[in-house]
Amino acid sequence: MEVSMHEAYAGDRNVTDVFESLKADSSATLVDVRTNAEWTFVGIPDLSMLGKEVILAEWQGFPSNGPHEGFASQLSDLLAQKGLDQNAAIYFLCRSGVRSKAAAIAMTALGYTNCYNVADGFEGGHDAEGHRGSVSGWKAQGLPWSQG
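Counting in UniProt numbering, the sequence shown runs from 1 upward without gaps.
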């Protein structure tokens, strides 16, 4: 599936607003589009205190440069299994907000109306030493997460 970065999606949200929205809206969900290796070795958001689980759906696998061919249909199936329709708020998260934006655009193109990109993602931008996870993003904001 080719994705044009000029297509519409609901917009970018910062991580603290996303967490508050996930708390307030029982049908809102978080989709982590990073790779299996990232989930395992870097960590994932922990929504257990909200009675929710993060949906893990790889946008692209390593070392591929493009999205998984069946990403949108597989995610649509997962969302339907959770009883979520195309109007539910879906927040897409990756490492820094690039892959998640592409995933939000792709799902919007399928008719999902409330697809948001989690700006700064799980690890955010680089610090002065070139490391992620301390300047911005889910981890840096002190939101709950766990590591495999």
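Built from N, CA and C at the ideal position, the CB exists for glycine as well. What you are looking at is a predicted structure, and each value in this text was computed from that prediction instead of being measured.
Relative to the Cα of Gly124, the nearest Cα in the group Thr16, Ala89 and Ala72 belongs to Thr16. For the pair Arg95 and Gln60, the CB atoms are not nearer than the 8 Å cut-off. Annotation note: the UniProt domain "Rhodanese" (24-134) contains the following uninterrupted beta strand (DSSP E) runs of length 3 or greater, listed N- to C-terminal: 29-32, 90-93 and 115-118. For Gly148, there is no enclosing beta strand (DSSP E), since its DSSP letter is neither H nor E.
A direct Cα-Cα distance of roughly 5 Å separates Asn87 from Thr113.
With fewer than 16 other CB atoms across the displayed protein chains lying within 10 angstroms of its CB, Pro144 is exposed.
In this structure Lys82 is exposed. Its beta-carbon is surrounded by fewer than 16 other beta-carbon atoms within 10 angstroms. Per the DSSP secondary-structure output, Gly142 pairs with nothing in a beta bridge. Membership of Gly11 in the beta strand (DSSP E) is indicated by the continuous run Gly11 to Arg13. When secondary structure is reduced to three states using DSSP, Ser136 falls in the coil class, being assigned neither helix nor strand. Take the alpha-carbon of Ala10 and the one of Ala119: they are about 12 Å apart. Leu93 sits close to Asp32, with the two beta carbons spaced by under 8 Å.
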